[in-house]
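Colleague:
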Amino acid sequence: MCGIVACILKDNRAAPVLLECVRRLEYRGYDSVGIATADPMINIKKDRGKIDEVDSELDLADLPGSMGIAHVRWATHGLPTAENAHPHTDCTGEIAVVHNGIIENYLEVKEELESEGHVFRSETDTEVIPHLIEKYMDEGMDLEAATATALRKLKGAYAIAAISSREPGRVVGARKESPLIVGVGDGEFFLASDVPAILNHTKNIIYLDDGEMVIIDGDVRIRDLDGNTVSKEVHVIDWTADMAEKAGYDHFMIKEIHEEPGAVRDTLTEMDDVMRVVKEIGEVERVCFVACGTSYHASLVGKYLFESILGIPTDVILASEFRYSARALTDRTLAVFISQSGETADTLNALRSANSRAKTLAIVNVLGSSATREAQHVLYTRAGPEIGVAATKTYVSQLTIIYMLVAAMGAPELIEKLEKVPAIMEEALGDEDNIRALSSHYSNVSDFFFIGRGFSYPTALEGALKLKEITYIHGEGYAAGELKHGPLALIDDGVPVVAISPPGPCHDKTLSNVEEVRARGARVIGVGSTLDEALRKEADDFIGLSPEVDEVLSPLVYIVPLQLLSYYVSVERGLDPDKPKNLAKCVTVE
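Numbering (the UniProt record's numbering), first residue to last: 1 to 590.
See the structure below:
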């Protein structure tokens with residue numbers, strides 16, 4: 001996920017305006033940033049790094065011109081380098097393009113263009129776009145027609161903005177499966193990936209739909225790729241700029257929880273890569289997951305999947321404890337290292353010690369991070385940037401990759417089930433008002449317990465971790481069968497116990513454990529199927545989820561209401577769930 005901006009202004013201040021606008025899109029990416037202006041020649045400044053870092057080195061606002069384009073990148077094709085940063089240009093430097101999305105047939109198009117003499121400077125899929133526009137403009141088309149012709153040749157998703165020194169004073173934009181909006185000001189015009197970027201300049205917004213193009217050159221014209229005029233409504237946005245940075249949500253965390261269905265859908269598109277990596281890895285006799293925090297809980301789900309479905313012995317080791325187990329690895333062991341950032345110090349050190357002993361695989365959300373460079377094999381989650389410190393959409397994306405690994409290694413029937421999960425997650429999000437109301441009953445408690453069996457045990461651990469991270473309430477997750485071996489002594493009148501009990505073989509035993517805690521005065525929050533009348537009867541409060549979800553798939557869906565519960569309890573307590581005390585998004589020290 002990347003962010004793009006374009007503008008045509010009344011005066012010579014395009015670069016500082018573009019810089020201000022693109023700062024408001026940094027949540028969409030922070031691998032690199034770049035700005036191009038036309039005066040009328042194309043002038044470009046770009047580099048890898050976060051916006052403030054690059055600006056301090058290059059002074060991005062110091063470019064002439066009253067029009068231009070800008071981009072902040074979340075790397076997908078090609079490492080986060082200066083060469084791969086946007087904007088990208090054609091052979092002559094007369095055309096510049098910024099792009100959000102993925103061009104699926106870029107290799108085929110690139111080879112064709114290279115055979116015609118075009119020279120490429122980056123590893124990105126985006127660079128084929130300015131070269132295609134150059135090709136068609138050289139054949140006599142104007143920027144609009146050349147862009148439309150180029151886009152008809154491409155497969156995949158895109159939101160683009162293009163400028164050319166051959167046609168000063170004109171910006172052409174288009175979208176397909178990636179967001180792009182038009183901002184209409186007082187004689188000034190904007191394009192952006194999202195409303196937050198331009199709210200300081202206009203609240204009059206036109207939302208482009210798939211297959212639509214916009215031409216801005218002192219006016220706004222919207223057409224389809226065949227040149228037909230499209231009539232669009234102008235919407236007046238009543239958000240403040242600060243609110244809109246989070247797309248209207250109060251916090252990044254709740255926004256990212258709502259992005260989870262999309263994160264799972266996007267990660268499922270990586271199945272070809274998963275199949276390729278599994279083929280490269282070959283036969284394994286043992287799997288060893290190594291991770292920290294939330295990624296450790298995703299790894300525990302992996303253990304249940306690999307052992308119960310594939311029959312492969314599997315261990316899960318905390319990265320900080322891995323050094324004490326490293327000698328047990330062999331060349332028939334697959335060591336799987338999971339890290340959202342790919343920069344977690346404990347996980348990286350464990351990976352380095354494993355590389356000479358075992359087959360290593362990194363599951364990472366950040367292209368070009370250290371783990372991706374050091375592991376023998378890499379798989380990417382497609383969660384996009386996650387701003388909230390408490391992991392939410394990256395967790396379900398990690399789980400999705402693990403399920404896909406199991407499918408590729410011998411359980412292909414999982415794929416059909418996984419494809420139904422995003423819609424079921426959306427249904428779970430539809431119960432948000434109920435969970436918000438529920439949270440008010442639990443904002444002043446001092447202890448919380450989460451219990452589950454089998455696949456629900458890691459969910460209990462992750463639910464407790466989310467609560468601890470952002471509410472500062474003491475929370476513990478337990479295997480439900482372990483209650484009578486000690487924790488039951490902590491259950492007193494009114495102590496909340498979240499019982500996670502999806503349909504499946506573990507259900508009845510978990511229900512017995514619910515009866516145990518009720519007998520000690522606990523207040524039970526049951527999380528189960530909407531058809532589970534037995535759990536509903538035992539629970540003081542009940543959260544119902546789709547009966548289509550059984551124990552095996554439950555970790556992907558049953559975590560959603562637990563994240564919501566933690567979020568709303570945090571808000572009830574007057575805390576900022578995005579920035580929990582003493583915690584950081586990426587831990588780079590041991």
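Cβ atoms here follow ideal geometry from the backbone N, Cα and C, with glycine treated the same way. Here the structure is a predicted model, which is why all the values come from computation and not from measurement.
1. How would you call Gly-311, buried or exposed, if buried means at least 16 neighbouring beta carbons within 10 angstroms?
2. Can you grab the Cα-Cα spacing for the pair His-235 / Lys-581, in whole Å?
3. Taking just the CA atoms, how far does Leu-399 sit from Ser-299?
4. Can you find the residues in the same chain that come closer than 6 Å, C-beta to C-beta, to Gly-475, ignoring five residues on each side of it along the sequence?
5. Excluding the five sequence neighbours on either side, which residues of its own chain have a C-beta within less than 6 Å of the C-beta of Ala-6, listed in chain order?
6. Compute the Euclidean distance between the alpha carbons of Pro-179 and Gly-211, then round it to the nearest angstrom.
7. As a quick exercise: from Ala-96, Val-184, Glu-114, pick the residue whose alpha carbon is nearest that of Thr-147.
8. Please state the DSSP three-state secondary structure of Ile-415.
9. Just curious, the beta strand (DSSP E) that Phe-189 is in, first and last residue?
10. By alpha-carbon positions, which one of Glu-516, Ser-501, Thr-471 ends up nearest to His-485?
11. Output yes or no for whether 8 Å exceeds the beta carbon distance between Ser-443 and Arg-573.
12. According to DSSP, is Pro-64 part of a helix, a strand, or is it coil?
13. Could you give the first and the last residue of the continuous beta strand (DSSP E) run that contains Ala-159?
14. So is residue 600 buried or exposed if we call it buried at 16+ other beta carbons inside 10 Å?
15. Determine the DSSP secondary structure at Arg-48, reduced to helix, strand or coil.
16. Quick one: what's got a C-beta closer than 7 Å to Tyr-249's C-beta in the same chain, skipping five residues either side?
17. Under the DSSP definition of a beta bridge, which residues are partnered with Thr-37?
18. Could you spell out where the beta strand (DSSP E) holding Gly-528 opens and where it closes?
19. Can you find at least 3 beta carbon pairs, one from the segment 252–272 and one from the segment 421–440, that sit closer than 8 Å?
20. Where are the alpha helix (DSSP H) runs, 4 residues long or more, that stay fully inside the segment 224–294, in chain order?
21. Looking at the unbroken beta strand (DSSP E) that takes in Cys-7, where does it start and where does it end?
22. Please state the DSSP three-state secondary structure of Val-552.
23. Do Asp-550 and Pro-496 come within 8 Å of each other at the CB atom, strictly closer than that value?
24. Counting beta carbon pairs with one atom in the segment 533–542 and one in the segment 404–419, are three or more of them shorter than 8 Å?
25. With contact counted as at least three CB pairs below 8 Å, one residue from each stretch, are the segment 182–198 and the segment 219–237 in contact?
26. Which residue from Asp-194, Glu-116, Thr-92, His-201 puts its Cα closest to that of Arg-166?
27. Confirm the yes/no value for this check: CB of Arg-520, any heavy atom of the ligand ZN, distance under 7 Å.
28. Helix, strand or coil, according to DSSP, for Leu-490 in the structure here?
29. Quick test of your reading: Ala-61 and Gly-101, contact by CB under 8 Å. State the CB separation rounded to the nearest angstrom.
30. What would DSSP say about His-297, mapped onto helix, strand or coil?
31. Over the uninterrupted alpha helix (DSSP H) stretch that includes Met-137, give me the two end residues.
32. Tell me which same chain residues have a C-beta within less than 6 Å of the C-beta of Leu-438, skipping the five on either side of it?
33. Expressed to the nearest angstrom, what Euclidean distance is found between the alpha-carbon atoms of Thr-588 and Pro-16?
34. Expressed to the nearest angstrom, what Euclidean distance is found between the alpha-carbon atoms of Lys-10 and Glu-188?
35. My output table needs one value for Asp-569: the three-state DSSP class, helix, strand or coil.
36. DSSP state of Arg-175, grouped into three classes?
Modeller: In terms of the structure at hand:
1. Residue 311 sits at position 311 when you count from the first residue of the sequence shown. With fewer than 16 neighbouring CB atoms inside 10 Å of its own CB, Gly-311 falls in the exposed class.
2. Position 235 of the sequence shown, counted from the start, is the residue given in the question as residue 235. Position 581 of the sequence shown, counted from the start, is the residue given in the question as residue 581. The straight-line gap from Cα to Cα measures roughly 39 Å.
3. Taking the first residue of the sequence shown as 1, we reach residue 299 at position 299. Taking the first residue of the sequence shown as 1, we reach residue 399 at position 399. Those two C-alpha atoms are separated by around 8 Å.
4. By 1-based counting over the sequence shown, the position of residue 475 is 475. Cβ within range, chain order: Phe-448, Ala-464, Leu-467, Lys-468.
5. The count along the sequence shown starts at 1 and reaches residue 6 at position 6. Answer for Ala-6: Ile-69, Ala-161, Val-171, Leu-191, listed in chain order.
6. Translated into the one-based positions of the sequence shown, residue 179 becomes position 179. Translated into the one-based positions of the sequence shown, residue 211 becomes position 211. Between the C-alpha atoms of Pro-179 and Gly-211 there is a straight-line separation of about 11 Å.
7. Sequence index remark: in the sequence shown, residue 147 carries index 147 (1-based). Checked all of Ala-96, Val-184, Glu-114; the closest Cα to Thr-147 is Ala-96.
8. Taking the first residue of the sequence shown as position 1, residue 415 is located at position 415. Correct three-state label for Ile-415: helix.
9. Numbered from its first residue, the sequence shown carries residue 189 at position 189. For Phe-189, the enclosing beta strand (DSSP E) stretches over residues 189–192.
10. As a first step, residue 485 must be located in the sequence shown, where it is residue number 485. It is Glu-516 whose Cα lies nearest to the Cα of His-485.
11. In the sequence shown, residue 443 corresponds to position 443, counting from 1. In the sequence shown, residue 573 corresponds to position 573, counting from 1. Yes, the Cβ-Cβ distance between Ser-443 and Arg-573 is below 8 Å.
12. Sequence index remark: in the sequence shown, residue 64 carries index 64 (1-based). Coil.
13. Against the sequence shown, residue 159 aligns to sequence position 159. Unbroken beta strand (DSSP E) run through Ala-159: 156–164.
14. In the structure as shown, the chain begins at 1 and stops at 590. Residue 600 is therefore absent and cannot be evaluated.
15. Within the sequence shown, numbered from 1, the residue matching residue 48 stands at position 48. Strand.
16. For the purposes of this step, residue 249 is identified with residue 249 of the sequence shown, where counting begins at 1. Excluding sequence neighbours, Tyr-249 sits near Lys-255.
17. The residue given as residue 37 occupies position 37 in the sequence shown. Asn-43, Gly-68.
18. Residue mapping note: residue 528 aligns to position 528 of the sequence shown, counting from 1. Residues 523–529.
19. Between the segment 252–272 and the segment 421–440, the count of C-beta pairs closer than 8 Å reaches three or more; the two stretches touch.
20. With a minimum length of 4 residues, the unbroken runs of alpha helix (DSSP H) contained wholly in the segment 224–294 fall at 241–244, 252–258, 260–268, 271–281.
21. Residue 7 sits at position 7 when you count from the first residue of the sequence shown. Start and end: 3–8.
22. Indexing the sequence shown from 1 puts residue 552 at position 552. In the three-state reduction of the DSSP assignment, Val-552 falls in the coil class.
23. Taking the sequence shown and counting its residues from 1, the one referred to as residue 496 is at position 496. Taking the sequence shown and counting its residues from 1, the one referred to as residue 550 is at position 550. Their beta carbons are not under 8 Å apart, which means Pro-496 does not touch Asp-550 by this criterion.
24. No, they do not touch.
25. The segment 182–198 is in contact with the segment 219–237.
26. Numbered from 1 along the sequence shown, position 166 holds the residue referred to as residue 166. Ranking the options by Cα distance to Arg-166, first place goes to Thr-92.
27. As for the ligand ZN, it is missing from this structure, which has no ligand bound.
28. Indexing the sequence shown from 1 puts residue 490 at position 490. In the structure shown, Leu-490 falls within a helical segment according to DSSP collapsed to helix, strand and coil.
29. As a working note, residue 61 is residue 61 in the sequence shown. As a working note, residue 101 is residue 101 in the sequence shown. The Cβ separation is near 27 Å, so there is no contact.
30. For the purposes of this step, residue 297 is taken as the residue at position 297 of the sequence shown. In this structure, His-297 counts as helix in the three-state DSSP scheme.
31. Position 137 of the sequence shown, counted from the first residue, corresponds to residue 137. From DSSP, the alpha helix (DSSP H) with Met-137 extends over 128–138.
32. As a first step, residue 438 must be located in the sequence shown, where it is residue number 438. Counting only Cβ-Cβ distances below 6 Å, and skipping sequence neighbours, we find Asp-541.
33. As a first step, residue 588 must be located in the sequence shown, where it is residue number 588. As a first step, residue 16 must be located in the sequence shown, where it is residue number 16. Legend: pLDDT at Thr-588 = 44, less than 50; position of this residue unreliable, no value from coordinates given.
34. Position 10 of the sequence shown, counted from the first residue, corresponds to residue 10. Position 188 of the sequence shown, counted from the first residue, corresponds to residue 188. The alpha-carbon atoms of Lys-10 and Glu-188 are separated by roughly 6 Å.
35. What you label residue 569 is simply residue 569 of the sequence shown in a count that begins at 1. Asp is not the amino acid found at residue 569; the sequence shown has Val there. The three-state reading of DSSP puts Val-569 in helix, counting H, G and I together.
36. Against the sequence shown, residue 175 aligns to sequence position 175. In the three-state reduction of the DSSP assignment, Arg-175 falls in the strand class, which pools E and B.
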